[in-house]
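**Q**
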Amino acid sequence: MSRSTGSGKSARKLVDEVTAAFPEGGFTGLIGPNGSGKSTLLRLLAGLYGPSGGHVLLDGADLADLRRRDIARRVAVTAQEVASEAEMTVMDVVLLGRLPHRRGRAAPSRHDLRAAGEAMAHLGVEPLAERVWSTLSGGERQRVNIARALAQEPAALLLDEPTNHLDITHRLDLLEFLARIPATVVAALHDLDLAARHCDHLVLLHAGRVVASGTPEEVLTPPHMERVFGVRSTLRTGPDGRPELRLDRAGLPTVADGTGRG
Ligand SMILES: Nc1ncnc2c1ncn2[C@@H]1O[C@H](COP(=O)(O)OP(=O)(O)OP(=O)(O)O)[C@@H](O)[C@H]1O
């Protein structure tokens, strides 16, 4: 899909010398500690930030040369936290995803309604269609927000911590769904074990730079895990053939009783 080289726009570089490619139709997990630059890189890929150097390419075209609307027709993005006060129904929120495809203030077309309905069905939020957004729980809001992005029918779906607020069942459902869809998916993820199991490609960031990118086996190596997260790790193939990551802080102080005295 796209490739980003360069840095964020700021006197201080938030991401620097990033060169990364995101396999078309694949599911890339963007991993790294807090503050390592995952959200910033997603914003660069979405064209919300312009790089102060380098380029972000979408199918070979520089995002800087594309109109905002043309980018929005092909790239959908969700933020980490979404505003909670909107008094719109869930259906109206999901239909916002159709805006880049609609002309002026015309009523939603049959195709718009179908795309919104299908997106809601995929995320299991159809029963919430008439609910007011501000009354939803955190996890419901997260799923509706992803449904909105999906209703956009994007070629590339950029998701900032999409498993936030989701219980384990919804986490697994969502990650399996993202691995299956034909769109190019790039998601910032904190659950390294889930990223190992569900993503076919990983980009590991540390202090605004790419430390490694490739398959889970290439990226989740003990030296990378120790260097970036300060943890020991073992990656093996599970009984279902998928990678299984085990992490521990052996040798480091632990918080065993919640008092911090371990
Ligand atoms: N608008 C901004 N102005 C100044 N610094 C910023 C801005 N946005 C982000 N940063 C800084 O850039 C760095 C990268 O932030 P970013 O949000 O991209 O990290 P992240 O990997 O997504 O972190 P997290 O896992 O905590 O969500 C952080 O040090 C952050 O404080």
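Sequential numbering from 868 applies to the sequence shown in the numbering used here.
C-beta atoms are modelled at their ideal positions from N, C-alpha and C, and glycine is treated no differently.
Helix or strand or just coil, what does DSSP make of ALA1018?
**A** helix
**Q** Nearer than 8 Å: is that true of the beta carbon of ASP1027 relative to any heavy atom of ligand 2?
**A** Among the ligands in the structure shown, ligand 2 does not appear; only ligand 1 can be found there.
**Q** By Cβ distance, which residues of its chain are closer than 6 Å to LEU1026, with the 5 residues on each side in sequence left out?
**A** THR945, ALA1054
**Q** In whole angstroms, what is the alpha-carbon distance linking THR1126 and ARG965?
**A** Caution is warranted here: a pLDDT of 40 is assigned to THR1126, below 50, making its placement in the model unreliable, and the coordinate value is therefore given only provisionally. If you take the alpha carbons of THR1126 and ARG965, they lie about 49 Å apart.
**Q** Can you name, in chain order, every residue of its own chain whose Cβ lies under 8 Å from the Cβ of ILE938, other than the five neighbours on each side?
**A** ALA913, GLY914, LEU925, LEU930
**Q** With a 10 Å radius around its C-beta and 16 neighbouring C-beta atoms as the bar for buried, classify ASP1034 as buried or exposed.
**A** exposed
**Q** Looking at the secondary structure, which residues open and close the beta strand (DSSP E) in which GLY991 lies?
**A** Neither: GLY991 is in no beta strand (DSSP E) and is coded neither H nor E.
**Q** So what does ASP1115 bridge to, in DSSP terms?
**A** ARG1099
**Q** How many whole angstroms separate the CB atoms of THR857 and LEU1069, which I take to be in contact at a CB cut-off of 8 Å?
**A** Not covered by the structure: residue 857. The range shown for the chain is 868 to 1129.
**Q** Report the partner residues of VAL1052 according to the DSSP bridge assignment.
**A** PHE894, LEU1024
**Q** For LEU1072, verify whether its CB is less than 8 Å away from any heavy atom of ligand 1.
**A** yes
**Q** Quick check on DSSP: helix, strand or coil for PRO1110?
**A** strand
**Q** May I ask which residues mark the beginning and end of the alpha helix (DSSP H) holding THR1082?
**A** Per DSSP, THR1082 belongs to no alpha helix (DSSP H) and is neither H nor E.
**Q** Return the Cβ separation of LEU1003 and ALA983 in integer angstroms, given the expectation that the two are a contact with Cβ distance under 8 Å.
**A** Between ALA983 and LEU1003 the Cβ distance is about 16 Å, and since that is not below 8 Å, they are no contact.
**Q** Could you tell me if the beta carbon of SER1001 falls within a distance shorter than 8 Å of some heavy atom in ligand 1?
**A** no
**Q** Measure the alpha-carbon distance for ASP959 versus MET1092 and round it to whole angstroms.
**A** 43 Å
**Q** Using the C-alpha atoms, what's the distance from GLY892 back to ILE1048?
**A** 8 Å
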